[in-house]
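In the working numbering, the protein residues as written are 20 to 306.
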């Protein structure tokens, strides 16, 4: 079922006609004393007033006639349609769904907490009214299912993905890509209910409390190892540059043993966490 537009008449003139006939019938009975004609006029005026509907901006009215879908009115203002039509109002405004924190397992089996914010609006009033029982509840359930599915197919962190040689987007580092995929999946899931997804973003992402402390220590250890690796790489480059400069400028001629001693001393100075105290050697390496 797809939405179709229902053209309606402006209700301002008919509102005036209905009021005149409603009260005119009463006056007619009083003046002429003929209740049949007066009551008939009042009933017609009342029926005309029943067909009036006020439609606010960004609001739609879905109409049915004895179970048949007749169309959707979206013209704002005071409108008039067949009084026998059954009418149901739907809001077309953008809405926010602030999802609850869900506890799920990521691709590597780690328990994590994740939540998402979804901005959505009704795009097809016919599907929202007739394809699902409650489109608001449908959005809530399908959004939760999409977040659970997304969390289960990606690893939480790059650190663990590297250990298993998994070269792909992770939940923590690939927020832009993850949000795009979440929005695409929600669009597919909610299209059945005639809902348009305007934006979807991960609003909360963390390890579950029972493993958060252990994972923090692990991340700190990885950061220390990475920093040490960078320090060592820089120190080796500086030692190589120093030996090359000494050799090129002919400042001193070093044999392999003296080079090894100099390399050792330079690495201690460059890689040590604390300041070193120089030791002057007035002797020689050889007896």
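The beta carbon of each residue, even a glycine, is placed where N, CA and C say it ideally should be. Just so you know, these numbers come straight off a predicted model, no measurement behind them.
Secondary structure of residue i, DSSP reduced to three states
| i | result |
| --- | --- |
| residue 203 | helix |
| residue 45 | helix |
| residue 97 | strand |
| residue 259 | helix |
| residue 163 | helix |
| residue 158 | helix |
| residue 264 | helix |
| residue 40 | helix |
| residue 394 | Residue numbering for the chain in the displayed model covers 20 to 306; residue 394 lies beyond these limits and cannot be assessed. |
| residue 282 | helix |
| residue 188 | coil |
| residue 252 | helix |
Beta-carbon spacing of residue i, residue j below 7 Å
| i | j | result |
| --- | --- | --- |
| residue 140 | residue 113 | yes |
| residue 213 | residue 143 | yes |
| residue 162 | residue 217 | no |
| residue 98 | residue 82 | no |
| residue 145 | residue 21 | yes |
| residue 102 | residue 70 | yes |
Cβ separation of residue i and residue j, assumed to be a contact under 8 Å, to the nearest whole Å
| i | j | result |
| --- | --- | --- |
| residue 137 | residue 205 | 6 Å |
| residue 80 | residue 106 | 5 Å |
| residue 171 | residue 123 | 6 Å |
| residue 221 | residue 197 | 6 Å |
Local Cβ density within 10 Å of residue i, reported as buried at 16 or more and exposed below that
| i | result |
| --- | --- |
| residue 148 | buried |
| residue 184 | Low confidence applies to residue 184: its pLDDT is 49, below 50, so where it sits in the model is not reliable enough to give any reading. |
| residue 260 | exposed |
| residue 202 | buried |
| residue 131 | buried |
| residue 160 | exposed |
| residue 266 | exposed |
| residue 62 | exposed |
In chain order, each beta strand (DSSP E) run of at least 3 residues that lies wholly inside the region 207-231: 214-226
Enumerated in chain order, which unbroken segments of the beta strand (DSSP E) with a length of 3 residues or greater are wholly contained in the region 47-121? 71-74, 78-84, 87-92, 96-99, 105-110 and 114-117
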